Amino acid sequence: MKVKLLTTMFIAMLLLFTACDKDSITEVVLPSNSITLTGDISNSFDAQATAVLSPDGSSIVFSLMMVPKGSVGNSENSLLITKEMAEFPAVGTYNISAYQTDTTAFGSIYGLNDSTLYIMSSGTFEITTSSSTKIEGNFNMTGPLFDLTPTEGNELTVKGKFSTIPIPL
Numbered sequence: 622m623k624v625k626l627l628t629t630m631f632i633a634m635l636l637l638f639t640a641c642d643k644d645s646i647t648e649v650v651l652p653s654n655s656i657t658l659t660g661d662i663s664n665s666f667d668a669q670a671t672a673v674l675s676p677d678g679s680s681i682v683f684s685l686m687m688v689p690k691g692s693v694g695n696s697e698n699s700l701l702i703t704k705e706m707a708e709f710p711a712v713g714t715y716n717i718s719a720y721q722t723d724t725t726a727f728g729s730i731y732g733l734n735d736s737t738l739y740i741m742s743s744g745t746f747e748i749t750t751s752s753s754t755k756i757e758g759n760f761n762m763t764g765p766l767f768d769l770t771p772t773e774g775n776e777l778t779v780k781g782k783f784s785t786i787p788i789p790l
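Residue numbers (our numbering): 622 to 790.
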């Protein structure tokens, strides 16, 4: 189960990286996007956000991708929040979980670079506005460093807010 979730999230990240380049007409940046990191890494930066619904085999996946403002095709400091669903999420507060046993929760990965990933295992993802013209909200989540030989510590907390125009199928 965990491997399927990681594979789905990784594929979604790759699709969003390749779809959102400097010439893309679908990339929308609104001014109130930010990410703050604490724990293993201390950093804070303005971000650009893209929210999409995309097919994944026989299902449809909602993805919110955030990267530092001005980065193009770069996988550093990227946040991906996903959930299998046929439409954009409704206004509400949702749990973040690394396990697919919680069918109401969203999954999330923070990529520091190409080889360092944090799998968010707890926290919240709040949608404050959800319409065909705007999706916005905030998040506060924590997760361990993804490592095949887990060690104690190595945890990251990711907080932020987003506002973007959703891109339908």
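Every residue, glycine too, gets a C-beta built ideally from N, C-alpha and C.
Owing to the predicted nature of the structure, the values given are computational and were not obtained by experimental measurement.
I'd like the list of long-range same chain contacts for PHE783, defined as Cβ closer than 7 angstroms, with 5 residues on each side in sequence excluded. Mapped onto the sequence shown, residue 783 falls at position 162. Hits under 7 angstroms: ASN654, ALA670, LEU685, MET687, GLU757 and GLY758.
Classification of TYR720 by the beta-carbon crowding that lies within 10 angstroms, buried from 16 upward: Residue numbering aside, residue 720 sits at position 99 when the sequence shown is read from its first letter. By the neighbour-count rule (16 or more Cβ atoms within 10 Å), TYR720 is not buried but exposed.
By how many angstroms is the C-alpha of SER699 removed from the C-alpha of LEU777? Stepping through the sequence shown from its first residue, residue 777 is reached at position 156. Stepping through the sequence shown from its first residue, residue 699 is reached at position 78. Their Cα atoms are separated by approximately 13 angstroms.
Using a Cβ-Cβ cut-off of 8 angstroms (strictly less than) and excluding sequence neighbours within five positions of LEU637, which residues of its own chain qualify? For the purposes of this step, residue 637 is taken as residue 16 along the sequence shown, with counting starting at 1. Since pLDDT at LEU637 reaches only 45, below the 50 mark, its modelled position is unreliable, and the value read off the structure follows with that caveat. Here the set comprises THR671, VAL673, SER684, MET686 and LEU701.
How is the beta strand (DSSP E) around LEU685 delimited, first residue to last? Residue 685 sits at position 64 when you count from the first residue of the sequence shown. 680 to 689 is the extent of the beta strand (DSSP E) around LEU685.
Tell me which same chain residues have a C-beta within less than 6 angstroms of the C-beta of GLY764, skipping the five on either side of it? As a first step, residue 764 is located in the sequence shown; it is residue number 143 there, counting from the start. For GLY764, where only same-chain residues beyond five positions count, the Cβ hits under 6 angstroms are TYR739, ILE740, MET741 and SER742.
Taking the continuous beta strand (DSSP E) assigned at PHE760, which residues delimit it? Here residue 760 is taken as the residue at index 139 of the sequence shown, counted from 1. Annotation: the continuous beta strand (DSSP E) that includes PHE760 extends over 756 to 765.
In three-state terms, what does DSSP make of ASN664? Residue numbering aside, residue 664 sits at position 43 when the sequence shown is read from its first letter. In the structure shown, ASN664 sits in a strand (DSSP, three-state: E or B).
For GLU708, the three-state DSSP class (helix, strand or coil): The sequence position of residue 708 within the sequence shown is 87, counting from 1. Three-state result, GLU708: coil.
Among THR754, LEU766 and GLU747, the one whose alpha carbon lies nearest that of ILE786: The residue labelled residue 786 in the question sits at position 165 within the sequence shown. For ILE786, the nearest C-alpha among the options comes from THR754.
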